[in-house]
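Asks: The following block contains the structure, expressed as structure tokens.
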Amino acid sequence: MAAATGLGAEVIVDRLLEAGFGPFTGVPCSFLGPVISHLQAEHPGQYLVSGNEGEAVALAAGARLAGRWPVVILQNSGLGNAVNPLTSLCHTLQVPVLLLVTWRGEPGRPDEPQHELMGRITPAMLTAMDVRHELLRPDAGWFERTVGEARRHMEETGRPFALVVPKGAVAPGRSVTSPPVAGAKLRRAEAIRHVVQSLDDDALIVATTGKTARELERDLDRPENLYVVGSMGCASSVALGIALHAPERQVVVLDGDGAALMRLEALAGIGGHSPENLLHIVLDNEAYESTGGQPTMSPVIDLPGVARACGYRGTAVAADEPAIRRTVCRALREGGPQLVRVPVIPGSDPGLGRPALAPPASAARFSAAVARPTERVASAGRTGTDPMDAAPPVRRRQVLMNPGPVNADERVRAALAGPDVCHREVEFTDLLLRVRDKVTRICGGGDDHASVVLTGSGTAAVEAIISSVVPRDGGVLAVDNGHYGRRMYDIAVAHGLTTQHLDVGWGERIHQADIGRALAADERLTHVLVVHHETSTGMRNDVAAVAAEAHRYGREVIVDAVSSVGAEYLDMRATGIDWLAGSANKCLEGMPGLGFVCGRRSGFATLDALPRRTFSLDLHRHYLAQEIAGAPAFTPGVPAFYAFDVALDLALAEGVAARGARYARLAEQLRSGLERLGFRLLLGPEDRAVSLTAAALPPGVEFATVHAAMRDAGFVIYPAQEVLAGGYLRLSTMGTMTAQDVDEFLTCLQALVRTTLAADAG
Numbered sequence: 004m005a006a007a008t009g010l011g012a013e014v015i016v017d018r019l020l021e022a023g024f025g026p027f028t029g030v031p032c033s034f035l036g037p038v039i040s041h042l043q044a045e046h047p048g049q050y051l052v053s054g055n056e057g058e059a060v061a062l063a064a065g066a067r068l069a070g071r072w073p074v075v076i077l078q079n080s081g082l083g084n085a086v087n088p089l090t091s092l093c094h095t096l097q098v099p100v101l102l103l104v105t106w107r108g109e110p111g112r113p114d115e116p117q118h119e120l121m122g123r124i125t126p127a128m129l130t131a132m133d134v135r136h137e138l139l140r141p142d143a144g145w146f147e148r149t150v151g152e153a154r155r156h157m158e159e160t161g162r163p164f165a166l167v168v169p170k171g172a173v174a175p176g177r178s179v180t181s182p183p184v185a186g187a188k189l190r191r192a193e194a195i196r197h198v199v200q201s202l203d204d205d206a207l208i209v210a211t212t213g214k215t216a217r218e219l220e221r222d223l224d225r226p227e228n229l230y231v232v233g234s235m236g237c238a239s240s241v242a243l244g245i246a247l248h249a250p251e252r253q254v255v256v257l258d259g260d261g262a263a264l265m266r267l268e269a270l271a272g273i274g275g276h277s278p279e280n281l282l283h284i285v286l287d288n289e290a291y292e293s294t295g296g297q298p299t300m301s302p303v304i305d306l307p308g309v310a311r312a313c314g315y316r317g318t319a320v321a322a323d324e325p326a327i328r329r330t331v332c333r334a335l336r337e338g339g340p341q342l343v344r345v346p347v348i349p350g351s352d353p354g355l356g357r358p359a360l361a362p363p364a365s366a367a368r369f370s371a372a373v374a375r376p377t378e379r380v381a382s383a384g385r386t387g388t389d390p391m392d393a394a395p396p397v398r399r400r401q402v403l404m405n406p407g408p409v410n411a412d413e414r415v416r417a418a419l420a421g422p423d424v425c426h427r428e429v430e431f432t433d434l435l436l437r438v439r440d441k442v443t444r445i446c447g448g449g450d451d452h453a454s455v456v457l458t459g460s461g462t463a464a465v466e467a468i469i470s471s472v473v474p475r476d477g478g479v480l481a482v483d484n485g486h487y488g489r490r491m492y493d494i495a496v497a498h499g500l501t502t503q504h505l506d507v508g509w510g511e512r513i514h515q516a517d518i519g520r521a522l523a524a525d526e527r528l529t530h531v532l533v534v535h536h537e538t539s540t541g542m543r544n545d546v547a548a549v550a551a552e553a554h555r556y557g558r559e560v561i562v563d564a565v566s567s568v569g570a571e572y573l574d575m576r577a578t579g580i581d582w583l584a585g586s587a588n589k590c591l592e593g594m595p596g597l598g599f600v601c602g603r604r605s606g607f608a609t610l611d612a613l614p615r616r617t618f619s620l621d622l623h624r625h626y627l628a629q630e631i632a633g634a635p636a637f638t639p640g641v642p643a644f645y646a647f648d649v650a651l652d653l654a655l656a657e658g659v660a661a662r663g664a665r666y667a668r669l670a671e672q673l674r675s676g677l678e679r680l681g682f683r684l685l686l687g688p689e690d691r692a693v694s695l696t697a698a699a700l701p702p703g704v705e706f707a708t709v710h711a712a713m714r715d716a717g718f719v720i721y722p723a724q725e726v727l728a729g730g731y732l733r734l735s736t737m738g739t740m741t742a743q744d745v746d747e748f749l750t751c752l753q754a755l756v757r758t759t760l761a762a763d764a765g
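Okay, structure coming up:
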């Protein structure tokens, strides 16, 4: 296995050159990106860009026949392209080449699904092709000896030799700065948006592997989108197959320059078959961006000219929004095949995630979308006037900047369509057990803690605790520094509990001494109520300090963690919190409809002796049903449980600290932008939660105006409540929001503010 620190790219290149190897050619892989970057920076004449791995092997064979000792750089996924020249050229003519083959999908190492099969068979595949291979070690001495042995083997046998490069075997190196792309005015994500918004609602879109598919999925996911994972260069041929067999539908392929060049012969197939319903978009950044930004051959290739020579009906170049929309509409009107090259600025959102929808699910969903119109008419005998025959509209992605519900991961949304089950059978019992266990873990509970999951909002969980855990002769001290602290007070009053109201003031810090004085003055107060993240202001309260003060007086603390659990530090064992209420749909990024309660098992055991103040929210009833019978007390929202199970897996995998840090980065980006635009933040940095910001509107700017304009732009924002209403807005950074989302929001907001202020000045 590779050590934590790999071989430097300069060591690899210099030792190979010293041993007489060169030139180098191939197709980039991120594992060997530093090697290619070093070659291009220090030995530019030694690196020859190739369109695909088969071409690279053949080019290398030619170099060997001319007396050189070439090196081919390739990802193991590219071995499929290289099989023919390795087996029927190099083997037959006994022309050896040295291969640097990366090992994506190596068994035991997590990787993307497209690498799983090739990762398993890579060593066996090399052996089957009579290619001797060694696993690259991060040891300079070993590398020098092995390079010498490879040279001797190749001289003696006339066979290729491969160094298999696992993850981490090559040390990180210099980053590549992509040169400007002539004529580029938009980033790829912007260009994709303009293309999609110019299409029919039921157009079928095939997106090439890499960041093109990932950005399309993030911004404009819909059933009619197919995200081609892996198989670089094949998207256009896949689209051709669809277009030929679904001739009544628009078919659009979103291709990249590297992918198009890898399978340039696909243009001949498209031109030869000439489907009228096919539009070929090439998003050209002149780089292999997913592997580190190494250049493609695009700058010296006239792709529209190649397409015309292959028989495309028309071609064009479009670089900005008006040109893209005009060109796409004209191409669709005239009929295809048409190719549109869109030069784009290199780069993407550094927070861009991997595909959320599993590849088989994406393919199945897309196939169903292709079949849907004809299947509906044929199976039900409907006419074209039946509203059920209408193609589903493009789902416009809204960025939810309200503090829940949030934009959720596609895997969470997909889980809502889990199988139909009875909530009294073993299938749901297993699901309930998993969810309860994960909730306890995310809250920092131990073996002596348990959780109860309720079908209801976070408010239901808060009310279940307050109404269930306070003894008949007990009472509560409700600490209020915002709307949700006041809500806890109102719940207690509604249930007739002895209640003291500690009104701290909106956005003001809670002081332990005030709590201590209130508890000392009234022995009836058995519980302290406090909100962790007060989302009316965005304030994070020090609940650990509140718990410590309550325990000093022998009282318990009930924490509303509805808007904090999953992103703010909350460890029930370390902080001593007695009862915690949470929700599935905020920082845990699940779907709305589930609340939960976490507490000590010993606490749950005492509930039997306490008064029953409610029926459907009786915590004792729910605990007995879930803990003893393994079933809910009442019929639950089963789909929400499926989604929450997946959301909890994602939350635990990311970790509370990492998720909080992700939210905090977005919040800092947002807050800096707001201040630049003249918005005053309500709280100081030390009091702010990571997931919500309250800011005062600039003079002359009204919330209703901002809300309407931002909604039109695809962003949902929240008004302030009560004492802050009218003068403030609230913006969340929960969920799967990205840095690009925040940038686009600030850009739209800046334009709105300037326009509004200019109008007022006029």
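Residue 35 in the working numbering sits at position 32 of the sequence shown, with consecutive numbering throughout. Quick reminder that beta carbons are idealized off the backbone N, C-alpha and C, glycines included. Keep in mind it's a predicted model, so treat the numbers as computed, not measured.
When every heavy atom of the ligand GDP is checked, does at least one fall within less than 7 Å of the C-beta of residue 415?
Replies: The ligand content of the structure shown is nil, which means the ligand GDP is not present either.
Asks: Determine the direct distance from the alpha carbon of residue 302 to that of residue 599, and round the result to whole angstroms.
Replies: When rounded, the distance between both Cα atoms is 57 Å.
Asks: Since residue 255 is in the beta strand (DSSP E), which residue starts that stretch and which ends it?
Replies: Unbroken beta strand (DSSP E) run through residue 255: 254 to 259.
Asks: Put residue 737 into one of helix, strand or coil per three-state DSSP.
Replies: Coil.
Asks: Taking only three categories from DSSP, how would you classify residue 387?
Replies: The pLDDT assigned to residue 387 is 36, lower than 50, so where the model puts this residue is not dependable; a value taken from the coordinates is nonetheless given after this. Coil, per DSSP.
Asks: Return the bridge partner residues of residue 484 from the DSSP annotation.
Replies: DSSP, once it has assigned bridges, lists no residue as partnering residue 484.
Asks: I need the straight-line Cα distance from residue 733 to residue 103, nearest angstrom please.
Replies: Roughly 53 Å between the two C-alpha positions.
Asks: Please state whether the Cβ-Cβ distance between residue 143 and residue 418 is less than 8 Å.
Replies: Not a contact, by the Cβ cut-off of 8 Å.
Asks: For my contact list, residue 201 and residue 327 are in at a C-beta cut-off of 8 Å; report their separation, rounded to the angstrom.
Replies: Yes, residue 201 and residue 327 are in contact; Cβ-Cβ is about 7 Å, under 8 Å.
Asks: Return the residue from the list 284, 459, 420, 176 that minimises the CA-CA distance to residue 619.
Replies: Answer by Cα proximity: 459.
Asks: Compare the Cα-Cα distances from residue 21 to each of 500, 150, 126, 110 and report the closest residue.
Replies: Answer by Cα proximity: 150.
Asks: By alpha-carbon positions, which one of 287, 310, 538, 713 ends up nearest to residue 590?
Replies: Of the listed residues, the one whose Cα sits closest to residue 590 is 538.
Asks: Could you tell me how far apart the beta carbons of residue 653 and residue 412 are, in whole angstroms, since I believe they sit closer than 8 Å?
Replies: Right, the Cβ-Cβ distance comes to about 6 Å (below 8 Å), so this counts as a contact.
Asks: Using the rule of at least 16 other Cβ atoms within 10 Å of the residue's Cβ for burial, across every protein chain shown, is residue 248 buried or exposed?
Replies: Its Cβ having fewer than 16 others within 10 Å, residue 248 is exposed.
Asks: DSSP on residue 380, reduced to helix/strand/coil?
Replies: The predicted position of residue 380 is uncertain, since its pLDDT is 30 and thus under 50; a value taken from the coordinates is nonetheless stated next. Residue state, collapsed to three classes: helix.
Asks: For the region 266 to 349, list the alpha helix (DSSP H) runs that are entirely contained and at least 4 residues long, ordered along the chain.
Replies: The region 266 to 349 contains these whole alpha helix (DSSP H) runs: 268 to 276, 306 to 312, 324 to 337.
Asks: Decide if residue 709 is buried, meaning its Cβ has at least 16 other Cβ atoms within 10 Å, or exposed.
Replies: Counting Cβ neighbours within 10 Å, residue 709 comes out buried, since at least 16 surround it.
Asks: Hey, which unbroken runs of the alpha helix (DSSP H) at 4 residues or more fall wholly within the region 48 to 109?
Replies: If we require 4 residues or more, the alpha helix (DSSP H) runs fully inside the region 48 to 109 come out as 56 to 68, 82 to 88.
Asks: For residue 690, which residues from the same chain have a beta carbon less than 6 Å from its beta carbon, with the 5 sequence-adjacent residues on both sides left out?
Replies: Excluding residues within five positions, the ones whose Cβ falls inside 6 Å are 542.
Asks: Which same chain residues, not among the five before or five after residue 161, have their C-beta less than 6 Å away from its C-beta?
Replies: Hits under 6 Å: 97, 99.
Asks: Out of 130, 667, 297, which one is the CA nearest neighbour of residue 42?
Replies: Minimum Cα distance to residue 42 is reached at 297.
Asks: If contact is defined by three or more beta carbon pairs under 8 Å, each pair taking one atom from either stretch, is the region 330 to 342 in contact with the region 365 to 373?
Replies: At 8 Å Cβ cutoff, the stretches do not touch.
Asks: If you reduce the DSSP assignment to three classes, tell me which class residue 527 lands in.
Replies: Residue state, collapsed to three classes: coil.
Asks: Could you check what DSSP says for residue 778 in three-state terms: helix, strand or coil?
Replies: Limits of the chain in this structure are 4 at one end and 765 at the other, which puts residue 778 out of reach.
Asks: Out of curiosity, what's the CA-to-CA distance linking residue 721 and residue 602?
Replies: Taking the straight line joining both Cα atoms gives about 32 Å.
Asks: Taking the beta strand (DSSP E) that residue 29 belongs to, which residues open and close that run?
Replies: Looking at the DSSP string, the run of the beta strand (DSSP E) that includes residue 29 is 27 to 29.
Asks: What is the C-beta distance between residue 227 and residue 208, in whole angstroms, given that I count them as a contact (C-beta under 8 Å)?
Replies: Contact flag correct, Cβ pair sits at about 6 Å.
Asks: With a threshold of 16 other CB atoms inside 10 Å of the CB of residue 313, please say whether the residue is buried or exposed.
Replies: Residue 313 should be labelled buried.
Asks: Would you call the CB atoms of residue 748 and residue 409 closer than 8 Å?
Replies: For residue 748 and residue 409, no; Cβs fall outside 8 Å.
Asks: Does the region 470 to 483 come close enough to the region 654 to 664 that 3 or more CB-CB pairs lie under 8 Å?
Replies: No, the region 654 to 664 is not in contact with the region 470 to 483.
Asks: Per DSSP, which residues does residue 164 bridge with? Please list them.
Replies: According to DSSP, which records beta bridges pairwise, residue 164 is partnered with 101, 135.
Asks: Hey, how far is the Cα of residue 630 from the Cα of residue 456?
Replies: Distance between the alpha carbons of residue 630 and residue 456 is about 11 Å.
Asks: What's the call for residue 273, buried or exposed, on a 16-neighbour Cβ count within 10 Å?
Replies: Buried: at least 16 other Cβ atoms inside 10 Å.
Asks: Taking 8 Å as the cut-off, decide whether the C-beta atoms of residue 348 and residue 184 are in contact.
Replies: It is a contact, given that the beta carbons lie within the stated cut-off.
Asks: If contacts are defined as beta-carbon pairs under 8 Å, then residue 33 and residue 176 qualify, I think. What distance do you get, rounded to the angstrom?
Replies: The Cβ separation is near 11 Å, so there is no contact.
Asks: To the nearest angstrom, report how far apart residue 635 and residue 426 are at their CA atoms.
Replies: So the two alpha carbons sit approximately 7 Å from each other.
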